[in-house]
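*Asks:* Read top to bottom, the protein sequences are chains A and E.
Per the numbering used here, the very first residue in the first sequence carries number 1; after that it's consecutive.
Per the numbering used here, the very first residue in the second sequence carries number 1; after that it's consecutive.
Glycine included, C-beta positions come from ideal geometry on N, C-alpha and C.
Below you'll find the structure I mean.
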Amino acid sequence: MGVSLSKGGNVSLTKAAPNLTSIAVGLGWDVRSTAGDDFDLDASALALNDNHKIISDDWFVFFNNLKSPDGSIEHQGDNLTGEGEGDDEVINVDLKSVPPQVSSIVVTVSIYDAESRRQSFGQVRNAYIRVINLANDVELARYDLTEDASVETAMVFGEVYRHSGEWKFRAIGQGYASGLAGIARDFGVNVG
Amino acid sequence: MTLTRVQSGVGTLTFEAVVTAAAGDLRLGCAYQLRSGRASTVQHHAGRRYAPAAETRRPVIVANRQQYERIAVDLRQVTELERFVVYGFAGNGQPLQWGGTLIATTFGGDRIEMPIDLAPAPAVAVLASVYNIRGELVIRTEMDLIGTTVREACRGYGFDRISWVDDTTPIDRTHARDQRRVRSRR
Chain A
1 MGVSLSKGGN VSLTKAAPNL TSIAVGLGWD VRSTAGDDFD LDASALALND
51 NHKIISDDWF VFFNNLKSPD GSIEHQGDNL TGEGEGDDEV INVDLKSVPP
101 QVSSIVVTVS IYDAESRRQS FGQVRNAYIR VINLANDVEL ARYDLTEDAS
151 VETAMVFGEV YRHSGEWKFR AIGQGYASGL AGIARDFGVN VG
Chain E
1 MTLTRVQSGV GTLTFEAVVT AAAGDLRLGC AYQLRSGRAS TVQHHAGRRY
51 APAAETRRPV IVANRQQYER IAVDLRQVTE LERFVVYGFA GNGQPLQWGG
101 TLIATTFGGD RIEMPIDLAP APAVAVLASV YNIRGELVIR TEMDLIGTTV
151 REACRGYGFD RISWVDDTTP IDRTHARDQR RVRSRR
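As structure tokens, then:
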């Protein structure tokens with residue numbers, strides 16, 4: 001079990017695994033059983049520059065763009081309902097191949113069609129994000145979200161970022177009421 | 001025009017026929033084909049509003065009418081969509097004068113305006129085609145008067161997986177691989 005972080009906390013992945021080359025960012029959640037539509041939560045990743053804005057729209061990795069242009073960030077596909085054990089969605093990052101202009105990779109989760117389905121993260125339980133060393137499947141860090149997010153329809157779970165020559169992970173847990181489009185726009189993606 | 005992967009994957013893509021009464025009783029329909037092989041049409045005029053047929057909870061395509069006839073595509077399900085065409089036809093069976101504009105609008109508000117510049121004719125016109133090319137939707141203006149029936153127009157654009165009750169009404173199948181087509185020899 002890796003370092004368990006609180007909101008805002010961070011850990012050096014490089015120190016935790018000195019030969020670290022690639023990671024899997026796993027996300028999981030449970031939805032509260034209610035009558036009505038299924039929940040469809042989508043993970044995405046945004047590769048940001050020093051100004052914390054998207055490098056280009058191609059670096060917005062989501063269900064319709066599963067790989068970054070150089071393949072260093074790769075979404076492993078969609079879990080439509082979140083049922084079952086283990087991570088619900090996974091995004092792999094080949095850290096040694098991430099280009100230098102990428103200062104950080106923000107990992108987000110959004111609820112599809114939240115407004116018309118009247119769904120929010122208030123109905124999501126046991127949400128977490130964790131970072132796994134792909135070389136040996138060892139969990140390096142984990143953040144269990146505990147916020148009561150009754151209006152948020154999207155959330156930045158965490159961030160993998162460069163700092164003084166190391167790769168680090170920060171637990172964020174920041175919510176948005178504007179869904180995937182709102183998060184994407186906030187980081188400079190042209191949703192147009 | 002090619003939409004980006006973001007434009008092709010976020011929100012809803014709508015097609016709206018902005019026309020005046022002078023054009024006639026112009027109605028919209030959409031012939032579609034999914035990656036699963038399922039193919040059919042939607043037409044608000046015929047009460048066949050959802051694609052796939054009877055999929056009211058999460059339709060990929062919805063035909064409706066507000067001020068104008070409209071086709072709306074749920075881009076969250078774009079990965080399931082292979083291609084579709086938007087066609088126009090006369091709801092009252094009378095020859096159309098055509099005119100007006102077909103407007104495609106992305107979630108972010110970008111618009112593609114396609115003048116419906118066609119000669120008066122008692123025909124079905126394919127107004128636009130959309131293909132999903134590796135996650136990017138390619139929208140092409142067609143403005144093609146093709147056939148006098150919806151069936152002819154669909155077949156003209158290669159929708160040969162659709163079987164028909166009559167010239168307007170497709171037979172909706174639940175699983176394309178369960179289809180059995182018997183071709184009679186002449």
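Is it true that the stretch 151 to 167 of chain A meets the stretch 101 to 112 of chain A, where meeting means three or more beta-carbon pairs spaced less than 8 Å apart?
*Replies:* Touching, yes.
*Asks:* Among A/30, A/16, A/5, whose alpha-carbon lies nearest the alpha-carbon of residue 123 of chain A?
*Replies:* The candidate whose alpha carbon is nearest that of residue 123 of chain A is A/30.
*Asks:* Give me the Cα-Cα distance between residue 39 of chain A and residue 182 of chain A, rounded to the nearest whole angstrom.
*Replies:* About 19 Å.
*Asks:* Taking 8 Å as the cut-off, does the stretch 69 to 78 of chain A touch the stretch 94 to 101 of chain A (at least 3 CB pairs, one atom from each stretch)?
*Replies:* Segments in contact, yes.
*Asks:* Buried or exposed: where does residue 88 of chain A fall if 16 or more other Cβ atoms within 10 Å of its Cβ makes it buried?
*Replies:* Result: buried.
*Asks:* My parser needs the beta strand (DSSP E) runs of 3 or more residues fully inside the stretch 112 to 155 of chain A; what are they?
*Replies:* DSSP runs (the beta strand (DSSP E)) wholly in the stretch 112 to 155 of chain A: 124 to 133, 138 to 144.
*Asks:* Is the distance from the Cβ of residue 102 of chain E to the Cβ of residue 114 of chain E below 8 Å?
*Replies:* Result yes, Cβ atoms of residue 102 of chain E and residue 114 of chain E sit closer than 8 Å.
*Asks:* Would you say residue 178 of chain E lies against chain A (beta-carbon separation less than 8 Å)?
*Replies:* Per-residue confidence for residue 178 of chain E stands at a pLDDT of 40, beneath the threshold of 50, marking its modelled position as unreliable; the derived number appears in the next sentence. By this cut-off, residue 178 of chain E is not an interface position.
*Asks:* Taking only beta-carbon positions, decide if residue 100 of chain E is within less than 8 Å of chain A.
*Replies:* Chain A, which has no Cβ nearer than 8 Å to the Cβ of residue 100 of chain E, makes this no.
*Asks:* Whose C-alpha, out of E/116, E/166, E/156, E/134, is nearest the C-alpha of residue 143 of chain E?
*Replies:* The shortest C-alpha separation from residue 143 of chain E is found at E/116.
*Asks:* Would you please verify whether the beta carbon of residue 154 of chain A is less than 8 Å from any beta carbon of chain E?
*Replies:* Output row for residue 154 of chain A: interface = no.
*Asks:* Cβ closer than 7 Å: which chain E residues qualify as neighbours of residue 181 of chain A?
*Replies:* Within chain E, the residues near residue 181 of chain A are 10, 11, 107.
*Asks:* Does the CB of residue 90 of chain A have a neighbour CB from chain E at under 8 Å?
*Replies:* Residue 90 of chain A does not count as touching chain E.
*Asks:* Can a CB atom of chain A be found closer than 8 Å to the CB of residue 7 of chain E?
*Replies:* With 8 Å as the cut-off, residue 7 of chain E counts as an interface residue toward chain A.
*Asks:* Between the stretch 78 to 90 of chain E and chain A, which residues of the former have a C-beta closer than 8 Å to a C-beta of the latter?
*Replies:* Within the stretch 78 to 90 of chain E, the qualifying residues are 78, 79.
*Asks:* Is residue 135 of chain E close to chain A, meaning its C-beta is less than 8 Å from at least one C-beta of that chain?
*Replies:* Cβ-Cβ to chain A under 8 Å: yes for residue 135 of chain E.
*Asks:* Quick check on residue 110 of chain A: does DSSP put it in helix, strand or coil?
*Replies:* Strand at residue 110 of chain A.
*Asks:* Buried or exposed: residue 65 of chain A, going by 16 or more other Cβ atoms within 10 Å of its Cβ?
*Replies:* It counts as buried.
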